[in-house]
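Colleague:
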Ligand SMILES: NC(=O)c1ccc[n+]([C@@H]2O[C@H](COP(=O)([O-])OP(=O)(O)OC[C@H]3O[C@@H](n4cnc5c(N)ncnc54)[C@H](O)[C@@H]3O)[C@@H](O)[C@H]2O)c1
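In my numbering, the protein residues as written are 48 to 311.
1) Give a yes or no on contact between the stretch 59–74 and the stretch 120–131, applying the rule of three or more CB pairs nearer than 8 Å.
2) Would you give the residue range spanned by the alpha helix (DSSP H) that residue 189 belongs to?
3) Looking at the structure shown, is residue 47 part of a helix, part of a strand, or coil, going by DSSP?
4) Kindly examine ligand 1 and report whether one of its heavy atoms sits closer than 7 Å to the Cβ of residue 235.
5) Is residue 232 helix, strand or coil when you go by DSSP?
6) For the pair the stretch 128–148 and the stretch 190–206, tell me if three or more CB-CB distances fall below 8 Å.
7) Nearest-angstrom Cα distance between residue 246 and residue 256?
8) Is the closest heavy atom of ligand 1 to the C-beta of residue 111 under 7 Å?
9) In whole angstroms, give me the CA-to-CA distance for residue 29 and residue 174.
10) Note the first and the last residue of the continuous alpha helix (DSSP H) segment covering residue 256.
11) Taking its Cβ as the centre, do 16 or more other Cβ atoms sit within 10 Å of residue 52, making it buried, or is it exposed?
12) Please work out which residues of its chain come closer than 8 Å, Cβ to Cβ, to residue 265, disregarding the five sequence neighbours upstream and downstream, and give them in chain order.
13) In this structure, does DSSP put residue 309 in helix, strand or coil?
14) Which runs of the alpha helix (DSSP H) at least 4 residues long sit entirely within the stretch 79–122? Give them in chain order.
15) Please name the residue or residues paired with residue 248 in a DSSP beta bridge.
16) Quick one: is the Cβ of residue 189 within less than 7 Å of any heavy atom of ligand 1?
17) Who does residue 199 pair with in a DSSP beta bridge?
18) Verify the contact flag: residue 114, CB atom, against every heavy atom of ligand 1, threshold strictly below 7 Å.
19) How about residue 279 and residue 236: do their beta carbons lie closer than 8 Å?
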C-alpha cells in the first residue's frame with residue numbers, strides 16, 4: 048500500500064524494545080534506517096548505527112550529521128529513546144527529575160534543532176523545483192503524560208512537554224511539509240514494564256535504576272483495559288509506522304494513544 052523506499056529514517060533508542068521494532072518495520076517498508084542506542088551491543092549488526100548518549104549536549108547534532116552524511120538525507124525522525132525512573136514526589140531527587148527531562152524533552156528538542164538546517168534547506172530546494180516531499184517526525188510519549196502516572200512526576204512531566212514540542216514543531220515546520228506527531232503508549236511489553244521484583248533493574252549511564260510494575264497493578268490494568276492485555280512491541284511500532292508513512296500526510300500536531308484503550 049505504501050513504500051518507504053528512498054526514505055532515510057533515524058530512530059533513537061532502537062537497540063531494544065519499541066524502538067527496535069520501529070526500526071525493523073521501517074526497514075521492512077524499504078527505508079534506510081540509522082539506529083542509535085546508548086548501549087552499543089544492543090544494535091543490530093549490519094545496520095547503519097551510531098551508538099551514543101543523547102543527553103550529551105553535543106551528541107544529537109553529531110547523530111543527525113552522521114545520518115545525513117552516511118545515508119544521504121533525513122526524511123523520518125523517531126524520538127523514541129527513554130526510560131522510567133520512578134518514585135513518589137517526596138523521594139524524587141533533583142538529579143532524578145532532571146534526568147527524566149533530559150532524555151524525554153531536551154534530547155528530542157536538540158535532535159529536531161540539529162535537523163532544522165537540513166530540513167529547511169532541502170524543503171526550500173524541493174519547493175523551487177515544484178515538488179512537495181513530506182517528511183515525518185514522531186515523538187514518543189505516554190499515557191502517563193496525558194493521564195498522569197503516580198510515581199512519575201519527572202517522567203510524566205518530560206512526556207507531557209514533548210507534546211508541546213510536537214504541536215509547536217507541527218506549526219513551525221508545516222510550511223516545509225513536515226508532519227510532526229506523537230504516539231503515546233499505554234503498557235507495552237518491554238523491560239520497562241516487567242513485573243517488579245528486587246532484581247528488576249536496568250543500567251542507564253552507570254546508574255542502576257529500578258524499573259517495572261507491580262504484578263497486581265499489571266493485572267488490574269489489563270483487566271480494566273478494553274483489550275484486556277498489554278501490547279506487543281510490534282503493535283506499538285504499527286502506530287508509529289502510520290505517522291512515518293504517506294497514510295498520515297494530512298495529519299499533523301496530533302497525539303495518537305496506542306494503549307489498547309486503556310487509561311490510567
Ligand atoms: N513500554 C511501555 O509500556 C511504554 C509506555 C509508554 C511510553 N513508553 C516509551 O517508549 C519509549 C521506548 O521504551 P521501551 O519500553 O521500548 O524501553 P526499552 O528500555 O526497551 O528501550 C528504550 C531504549 O532507549 C535507550 N536509551 C535510554 N536512554 C538513552 C540515551 N540517553 N541515549 C540513547 N539511548 C538511550 C535504552 O538503552 C533502550 O535500549 C520510551 O520513550 C518510553 O518512555 C514505553
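Quick reminder that beta carbons are idealized off the backbone N, C-alpha and C, glycines included. Here the structure is a predicted model, which means the values were calculated and not measured.
Modeller: In brief:
1) yes
2) Element bounds for residue 189: not the alpha helix (DSSP H) but the beta strand (DSSP E), 182–189.
3) Residue 47 is absent from the structure shown; the chain starts at 48 and stops at 311.
4) yes
5) strand
6) yes
7) 10 Å
8) no
9) The structure shown does not extend to residue 29, since the chain spans only 48 to 311, so no value can be given for it.
10) Residue 256 -> not in any alpha helix (DSSP H); beta strand (DSSP E) instead, spanning 254–257.
11) exposed
12) 234, 240, 242, 277
13) coil
14) 106–118
15) 257
16) yes
17) 134
18) no
19) yes
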